[in-house]
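J.: Protein chains in written order, with our numbering: chain A, 140 to 323; chain B, 140 to 323.
All residues carry an ideal CB built from backbone N, CA and C; glycine is no exception.
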């Protein structure tokens, strides 16, 4: 793909996410094109159907999450890296649900070929625990339970950025360290 | 209602919850009767339809939650009372979802007439904060967001008692106190 085509593609996917998050599945290709600053024809050449566009957004976001995990795996602050990744997954879960539902109802398995981010989460957790930034007694089972809880609520109640920040601040403090039993 | 009829009713509702939690909506009246130690006829006299039984369970549990909130409002340990109530709501959310879904699909509004437990939660929170058992900077918005998150995940992934205990232990530590900003 030529550099300008690649740039256009990235802009279209970004614009599509914004419009989808706002309008849900009523999102119009025309508005996505306007926001991306390209013609509708440019979108249709790369994404002949809405489903092709949705699938590309999902793949693109999953790739970006996987890339982010790789970068964060080498970050100087292991604790900040872990919490940053947790926050990004929750932030992404709302738009992801809209897309995955749309793809599923169109008979497309959105999860096919998705990189498994559990491995990345596990690696970030271990590193944060070794650095003393996450309590040592938290295992993957309860971590994934809490991550899934935050994602489900963010999807279900359409959490604002502010509410996500406040809810996760509490959760993250719980992940940082255990309160002595006498602390209740 | 006579005392033995009231006892029978309570036993039937309790048995129905156990069977429903295990078998979902395939739960049979015969098994519920067997577990409650009453005849099937006894159940049908009080609950002519499955929907009437389901509705009674929902009402009964909501009343018990409201009663529990009242009791806990005067408990000596305000922190323990607050966390106990949070835990009970999450524990109850799984069977509640099965029932509410069944009632909704039968065209019954399970939420009609439900006592509002938000007021009770708010009172327990304030008391726990005054006692220093819950951090003062947590508001109802993020508290309800986290409570809903735990309920949704417990429903969605069918949390075991053990997983619920482990996930909530982390969440509760976060609610107890804020980590200093340097603590990451």
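Could you please give the first and the last residue of the uninterrupted alpha helix (DSSP H) stretch that includes residue 192(B)?
T.: On the second chain, residue 192(B) is found 53 positions in, with the first residue counted as 1. Counting along the chain, the alpha helix (DSSP H) containing residue 192(B) begins and ends at 189 to 211.
J.: Name the residue from 207(A), 243(A), 305(A) and 217(A) whose alpha carbon lies nearest to the alpha carbon of residue 268(A).
T.: In the first chain, residue 268(A) corresponds to position 129, counting from 1. Of the listed residues, the one whose Cα sits closest to residue 268(A) is 217(A).
J.: Looking at residue 158(A): is its Cβ nearer than 7 angstroms to the Cβ of residue 314(B)?
T.: To locate residue 158(A), count along the first chain from 1; it is residue 19. To locate residue 314(B), count along the second chain from 1; it is residue 175. It is not a contact, given that the beta carbons lie outside the stated cut-off.
J.: Any idea what DSSP makes of residue 299(B), helix, strand or coil?
T.: On the second chain, position 160 is the one that residue 299(B) refers to. Looking at residue 299(B) - three-state DSSP - the assignment turns out to be coil, as it is neither helix nor strand.
J.: Quick one: give me the first and last residue of the alpha helix (DSSP H) that residue 179(B) is part of.
T.: Position 40 of the second chain, counting from 1, holds the residue named residue 179(B). Unbroken alpha helix (DSSP H) run through residue 179(B): 179 to 185.
J.: Starting from the Cα of residue 169(B), find the closest Cα among 244(B), 230(B) and 182(B) and give me that residue.
T.: Residue 169(B) sits at position 30 when you count from the first residue of the second chain. Selected option, being the one with the closest Cα: 182(B).
J.: Apart from the five residues just before and just after residue 316(A), which ones in its own chain have a Cβ nearer than 8 angstroms to its Cβ?
T.: Taking the first chain and counting its residues from 1, one reaches residue 316(A) at position 177. These residues qualify, in order along the chain: 274.
J.: Let me confirm a value: residue 312(B) is counted as buried when at least 16 other C-beta atoms fall within 10 Å, else exposed. Which label applies?
T.: As a working note, residue 312(B) is residue 173 in the second chain. With 16 or more other Cβ atoms within 10 Å, it is buried.
J.: So, for residue 248(A): in the same chain, excluding its five sequence neighbours on each side, which residues have a beta-carbon less than 6 angstroms away from its beta-carbon?
T.: Position 109 of the first chain holds residue 248(A). Here the set comprises nothing.
J.: For a contact defined as C-beta to C-beta under 8 angstroms, what are the partners of residue 213(A) on chain B?
T.: For this step, residue 213(A) is matched to residue 74 along the first chain. Going along chain B, no residue has its Cβ under 8 angstroms from residue 213(A), so there is no contact; the nearest lies around 18 angstroms.
J.: Give every residue of the same chain whose Cβ lies closer than 8 angstroms to the Cβ of residue 212(A), excluding the five residues on either side of it in the sequence, and list them in chain order.
T.: Residue numbering aside, residue 212(A) sits at position 73 when the first chain is read from its first letter. For residue 212(A), where only same-chain residues beyond five positions count, the Cβ hits under 8 angstroms are 220, 259, 262, 263 and 266.
J.: Under 9 angstroms between beta-carbons, which chain A residues line up against residue 203(B)? List them in chain order, please.
T.: For the purposes of this step, residue 203(B) is taken as the residue at position 64 of the second chain. None at all; the shortest Cβ gap to chain A is about 24 angstroms.
J.: When you compare each of 185(A), 196(A), 152(A) and 171(A) to residue 239(A) by their alpha carbons, which one comes out closest?
T.: Along the first chain, one-based indexing puts residue 239(A) at 100. For residue 239(A), the nearest C-alpha among the options comes from 196(A).
J.: Going along chain B, which residues have a C-beta under 8 angstroms from residue 161(A)?
T.: On the first chain, position 22 is the one that residue 161(A) refers to. In chain order: nothing, as chain B lies at least about 21 angstroms away.
J.: Check residue 215(B) in the structure and name its three-state DSSP category.
T.: Sequence index remark: in the second chain, residue 215(B) carries index 76 (1-based). Coil, per DSSP.
J.: Buried or exposed for residue 300(B), please, with buried defined as at least 16 other CB atoms from any protein chain shown within 10 angstroms of its CB.
T.: Walking along the second chain from the start, residue 300(B) turns up at place 161. Residue 300(B) comes out exposed.
J.: Under 7 angstroms between the Cβ atoms of residue 147(A) and residue 179(A)?
T.: In the first chain, residue 147(A) corresponds to position 8, counting from 1. In the first chain, residue 179(A) corresponds to position 40, counting from 1. Taking 7 angstroms as the Cβ cut-off, residue 147(A) and residue 179(A) do not qualify as a contacting pair.
J.: Leaving out five residues before and five after residue 144(B) in sequence, what residues of the same chain have Cβ atoms less than 6 angstroms from its Cβ?
T.: Locating residue 144(B) in the second chain gives position 5, counting from the first residue. Closer than 6 angstroms at the Cβ level, and outside the excluded window around residue 144(B), lies no residue.
J.: Is any beta-carbon of chain B found at less than 7 angstroms from that of residue 299(A)?
T.: The residue you call residue 299(A) lines up with position 160 of the first chain. Not closer than 7 angstroms to any Cβ of chain B, the Cβ of residue 299(A) fails to qualify, so no.
J.: So that I know if they touch, is there some Cβ in chain B lying closer than 7 angstroms to that of residue 314(A)?
T.: The count along the first chain starts at 1 and reaches residue 314(A) at position 175. Yes, because at least one Cβ of chain B sits closer than 7 angstroms to the Cβ of residue 314(A).
J.: Can you tell me whether DSSP reads residue 277(A) as helix, strand or coil?
T.: Reading the first chain from its first residue, position 138 is the one you call residue 277(A). In this structure, residue 277(A) counts as coil in the three-state DSSP scheme.
J.: Can you list the residues of chain A that residue 306(B) reaches, using a CB-CB cut of under 8 angstroms?
T.: Counted from its first residue, the second chain places residue 306(B) at position 167. Within 8 angstroms Cβ-Cβ: 281, 284, 285 and 288.
J.: Which same chain residues end up closer than 8 angstroms to residue 306(B) when comparing Cβ atoms and leaving out the 5 residues on each side of it in sequence?
T.: The sequence position of residue 306(B) within the second chain is 167, counting from 1. Taken in chain order, the residues that qualify are 289, 292 and 298.
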